[in-house]
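Engineer: So my numbering is basically just the index in the sequence shown, starting at one, shifted up by 92. Positions of the beta carbon are idealized from the N, C-alpha and C atoms, including for glycine. Please find one structure pasted underneath; my questions will follow.
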Amino acid sequence: MENHSKNDAQHWIRQEIRDLSAYHVADASGMIKLDAMENPYVWPGELRQQWTGLLAQTDVNRYPDPSGFQLKQQLRQVMNIPADMEIMLGNGSDEIIQIIALALSGNGRSILSVDPGFVMYKMIATFCGLKYIGVPLREEDFSLDLPAILQAMDQHQPAVVFLAYPNNPTGNLFDEQQVIEVIEAAPGLVVIDEAYAPFTDDTFMHRLGQYDNLVVMRTVSKMGLAGLRLGFLAGPADWLNEFEKLRLPYNINTLTQLSAHLAMEHHAVFDEQTARIREQRTVVNTALTQMQGLTVYPSDANFILVRTADGQAKRIHAELKDKGILIKLLHGSTPMLKDCLRITIGTEEENQQLIASLATLTQ
Ligand SMILES: *Cc1c(COP(=O)(O)O)cnc(C)c1O
């Protein structure tokens with residue numbers, strides 16, 4: 093018997109949890125916030141009025157609709173979810189990743205994704221006691237290394253493969269045919285994470301049903317509703333009905349259901365905002381490309397990955413912060429992102445300030 097007191101956290105907390113550091117969110121008060129892929133535009137006055145009117149009539153003494161029925165109907169329509177597919181709602185898509193991991197965890201099970209990839213896949217794998225396999229992308233252009241993925245799937249037999257499409261933090265879309273090859277060769281579930289769907293024309297949504305092991309995950313966070321915390325999973329009933337058993341009752345609160353439903357009714361407002369972000373992405377990309385010492389990677393998302401000259405990323409990140417602009421420092425997170433920064437597209441004015449400040453820091 094080990095010697096420990098009954099209050100000893102060091103004894104009871106699993107080693108892999110003690111080894112984690114909590115997800116860090118930088119303080120951005122008073123800054124131009126270009127670090128977290130948020131939509132910089134707020135709701136127009138008319139919609140805001142309609143919203144507060146609805147909220148004023150809403151009672152919160154009762155639990156929310158447990159299934160979110162009306163919201164799901166609305167999402168099915170607006171997001172073109174095929175009629176024969178099931179939908180599960182999550183408190184952000186992060187919660188959906190956690191539900192999937194919980195459902196698939198167990199003796200020696202693993203999650204496979206790519207590196208660099210979305211950090212929550214690995215973190216949640218650890219929370220839920222799964223092994224995590226991150227297969228390196230190709231260094232030149234962050235495309236899939238298909239032979240390496242096929243080999244790793246064969247070797248580790250992962251219960252689930254997550255692919256973000258477009259990928260975060262690199263911003264690119266993977267080759268569609270290669271993704272299909274991954275789906276066809278995977279031993280288990282494949283989740284296509286379309287968090288950045290509003291910023292690209294490509295999707296796997298219409299392929300649902302073509303493969304028994306394909307599900308598509310989306311979120312309303314990046315389209316402009318990050319504060320509501322709402323994501324969803326669409327896919328075959330065989331998978332979704334099982335995941336549904338792990339969803340905590342009432343995970344989508346009344347205010348989120350009501351607000352998201354209203355936003356979906358007025359999705360043209362958000363389509364217009366995300367179209368502006370896409371235009372601004374081109375503006376920022378062009379400006380950054382002209383700066384000496386920066387390598388700019390193509391993006392189908394609402395952010396741009398750049399690589400600075402050798403050893404400059406940390407300095408540029410800190411000096412931008414001094415000038416009141418917060419971006420994401422990726423250098424140090426994984427070897428392939430050496431000297432890398434990630435810049436979220438903001439409003440036109442914010443982007444112009446970023447471009448002006450960055451131009452003075454890169455030479
Ligand atoms: C932001 C992001 C998410 C998480 O979105 P939430 O719905 O806000 O939890 C999921 N996947 C990827 C790839 C993301 O970039």
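Give the range of the alpha helix (DSSP H) segment to which Asp363 is assigned.
Structural biologist: Taking the sequence shown and counting its residues from 1, the one referred to as residue 363 is at position 271. It spans 359-381 - the alpha helix (DSSP H) in which Asp363 sits, taken as one unbroken run.
Engineer: In three-state DSSP terms, what is Ala175?
Structural biologist: Reading the sequence shown from its first residue, position 83 is the one you call residue 175. DSSP places Ala175 in coil when its eight states are reduced to three.
Engineer: Within 10 Å of its beta-carbon, does Tyr213 have 16 or more other beta-carbons around it, so buried, or fewer, so exposed?
Structural biologist: Here residue 213 refers to the residue found at position 121 of the sequence shown. With 16 or more other Cβ atoms within 10 Å, it is buried.
Engineer: Taking the alpha helix (DSSP H) that Tyr239 falls in, what are its first and last residues?
Structural biologist: As a first step, residue 239 must be located in the sequence shown, where it is residue number 147. Looking at the sequence shown, residue 239 is not Tyr but Pro. Residues 238-248.
Engineer: Report the rounded CA-to-CA distance for Ile241 versus Pro136, giving the unit in angstroms.
Structural biologist: Along the sequence shown, read from residue 1 onward, the residue named residue 241 stands at position 149. Along the sequence shown, read from residue 1 onward, the residue named residue 136 stands at position 44. Near 45 Å, if we compare the C-alpha coordinates of Pro136 and Ile241.
Engineer: Is Met129 a contact residue of ligand 1, with contact defined as CB to any heavy atom under 7 Å?
Structural biologist: The residue labelled residue 129 in the question sits at position 37 within the sequence shown. Yes, ligand 1 has a heavy atom inside 7 Å of this Cβ.
Engineer: Report whether the distance from the Cβ of Phe210 to the nearest heavy atom of ligand 1 is below 7 Å.
Structural biologist: Mapped onto the sequence shown, residue 210 falls at position 118. Yes, ligand 1 has a heavy atom inside 7 Å of this Cβ.
Engineer: Might you give, ordered along the chain, the residues of its own chain that have their beta carbon closer than 8 Å to the beta carbon of Met93, omitting 5 neighbours on each side?
Structural biologist: For the purposes of this step, residue 93 is taken as residue 1 along the sequence shown, with counting starting at 1. Only weak support exists for where Met93 lies, its pLDDT of 49 falling under 50; the value from the coordinates is given anyway. Cβ within range, chain order: n/a, list empty.
Engineer: Please tell me whether Val253 and Ser205 are closer than 8 Å, where the distance is taken between their beta carbons.
Structural biologist: Taking the sequence shown and counting its residues from 1, the one referred to as residue 253 is at position 161. Taking the sequence shown and counting its residues from 1, the one referred to as residue 205 is at position 113. Yes; because the gap between Cβ atoms is below 8 Å, this pair is in contact.
Engineer: Using a threshold of 7 Å, is the CB atom of Gly323 nearer than that to any non-hydrogen atom of ligand 1?
Structural biologist: Here the question's residue 323 lines up with position 231 in the sequence shown. Answer for Gly323: yes, Cβ within range of ligand 1.
Engineer: Which whole runs of the alpha helix (DSSP H) in the region 188-269 are 4 residues long or more, in chain order?
Structural biologist: Taking only runs of at least 4 residues, the alpha helix (DSSP H) segments lying wholly in the region 188-269 are 211-219, 238-248.
Engineer: Would you mind sorting Ala393 into buried or exposed? The rule is 16 or more other CB atoms within 10 Å of its CB.
Structural biologist: Stepping through the sequence shown from its first residue, residue 393 is reached at position 301. The residue in question, Ala393, is buried, as its Cβ has 16 or more Cβ neighbours within 10 Å.
Engineer: Can you look up Gly316 in the DSSP assignment and give me helix, strand or coil?
Structural biologist: Counted from its first residue, the sequence shown places residue 316 at position 224. Reduced to three states, the DSSP call for Gly316 is helix.
Engineer: Residues in its own chain within less than 6 Å of Thr311 by CB, not counting five upstream and five downstream?
Structural biologist: Here residue 311 refers to the residue found at position 219 when the sequence shown is read from its first residue. Ser185, Ala287, Gly323.
Engineer: Just checking Gly184 against ligand 1 - is the residue's beta carbon closer than 7 Å to any of the ligand's heavy atoms?
Structural biologist: Counted from its first residue, the sequence shown places residue 184 at position 92. Yes, the beta carbon of Gly184 sits closer than 7 Å to at least one heavy atom of ligand 1.
Engineer: Once the 5 residues before and after Ser113 are set aside, which same chain residues still bring their CB inside 6 Å of it?
Structural biologist: Within the sequence shown, residue 113 is the residue found at index 21, counting from 1. Closer than 6 Å at Cβ, skipping near neighbours: no residue.
Engineer: Taking C-beta to C-beta, are Leu139 and Lys164 nearer than 8 Å?
Structural biologist: Translated into positions along the sequence shown, residue 139 becomes position 47. Translated into positions along the sequence shown, residue 164 becomes position 72. Not closer than 8 Å, so no.
Engineer: With respect to the beta strand (DSSP E) encompassing Gly145, which residues constitute its N-terminal and C-terminal limits?
Structural biologist: Walking along the sequence shown from the start, residue 145 turns up at place 53. Segment 137-148 is the alpha helix (DSSP H) holding Gly145; no beta strand (DSSP E) there.
Engineer: Under 7 Å from any heavy atom of ligand 1, does the C-beta of Thr311 make it?
Structural biologist: Within the sequence shown, the letter at position 219 stands for residue 311. Checking every heavy atom of ligand 1 against the Cβ of Thr311, one is found closer than 7 Å.
Engineer: Check whether the Cβ atoms of Leu418 and Lys125 lie closer than 8 Å to each other.
Structural biologist: Start at 1 with the first residue of the sequence shown, and residue 418 comes out as number 326. Start at 1 with the first residue of the sequence shown, and residue 125 comes out as number 33. A contact, by the Cβ cut-off of 8 Å.
Engineer: Cβ atoms of Ala318 and Glu130: under 8 Å apart, would you say?
Structural biologist: As a first step, residue 130 must be located in the sequence shown, where it is residue number 38. As a first step, residue 318 must be located in the sequence shown, where it is residue number 226. Against a cut-off of 8 Å, the Cβ pair of Ala318 and Glu130 comes out as a contact.
Engineer: Can you confirm whether the region 229-249 touches the region 259-272 when touching is taken to mean that 3 or more C-beta pairs between the two stretches lie within less than 8 Å?
Structural biologist: Result yes; three or more Cβ-Cβ pairs closer than 8 Å.
Engineer: Distance, Cα to Cα, Arg299 vs Leu255?
Structural biologist: Within the sequence shown, numbered from 1, the residue matching residue 299 stands at position 207. Within the sequence shown, numbered from 1, the residue matching residue 255 stands at position 163. C-alpha separation (whole angstroms): 15 Å.
Engineer: Which first and last residues belong to the beta strand (DSSP E) in which Leu326 is found?
Structural biologist: As a working note, residue 326 is residue 234 in the sequence shown. One detail in the question is off: residue 326 reads as Ala in this sequence, not Leu. That run of the beta strand (DSSP E) goes 323-327.
Engineer: Identify the continuous beta strand (DSSP E) that holds Arg434 and give its terminal residues.
Structural biologist: Locating residue 434 in the sequence shown gives position 342, where the first residue counts as 1. That run of the beta strand (DSSP E) goes 432-436.
Engineer: Check whether the Cβ of Asp267 lies closer than 7 Å to any heavy atom of ligand 1, and answer yes or no.
Structural biologist: Taking the sequence shown and counting its residues from 1, one reaches residue 267 at position 175. Asp267: no, Cβ never under 7 Å from ligand 1.
Engineer: Can the beta-carbon of Thr378 be found closer than 8 Å to that of Ile408?
Structural biologist: For this step, residue 378 is matched to residue 286 along the sequence shown. For this step, residue 408 is matched to residue 316 along the sequence shown. Not in contact: Thr378 and Ile408 (Cβ atoms no closer than 8 Å).
Engineer: Residue range of the alpha helix (DSSP H) that Ile447 falls in?
Structural biologist: For this step, residue 447 is matched to residue 355 along the sequence shown. Its alpha helix (DSSP H) spans residues 440-453.
Engineer: For Ile396, which residues in the same chain have their Cβ closer than 8 Å to its Cβ, ignoring the five residues on either side in sequence?
Structural biologist: For the purposes of this step, residue 396 is identified with residue 304 of the sequence shown, where counting begins at 1. The answer, listed in chain order, is Gly263, Arg373, Val376, Asn377, Leu380, Val388, Tyr389, Arg434, Ile435, Ile437.
Engineer: Report the three-state DSSP secondary structure of Ile344 (helix, strand or coil).
Structural biologist: Sequence index remark: in the sequence shown, residue 344 carries index 252 (1-based). In this structure, Ile344 counts as coil in the three-state DSSP scheme.
Engineer: Which same chain residues end up closer than 6 Å to Thr218 when comparing Cβ atoms and leaving out the 5 residues on each side of it in sequence?
Structural biologist: On the sequence shown, residue 218 is found 126 positions in, with the first residue counted as 1. Cβ neighbours of Thr218 beyond the five flanking positions: Glu108.
Engineer: Would you say Asp392 touches ligand 1, meaning its beta carbon is less than 7 Å from a heavy atom?
Structural biologist: Here residue 392 refers to the residue found at position 300 when the sequence shown is read from its first residue. For ligand 1, not one heavy atom lies less than 7 Å from the Cβ of Asp392.
Engineer: Three-state secondary structure (DSSP) at Asp330?
Structural biologist: Numbered from its first residue, the sequence shown carries residue 330 at position 238. Of the three classes helix, strand and coil, the one that applies to Asp330 here is helix, per DSSP.
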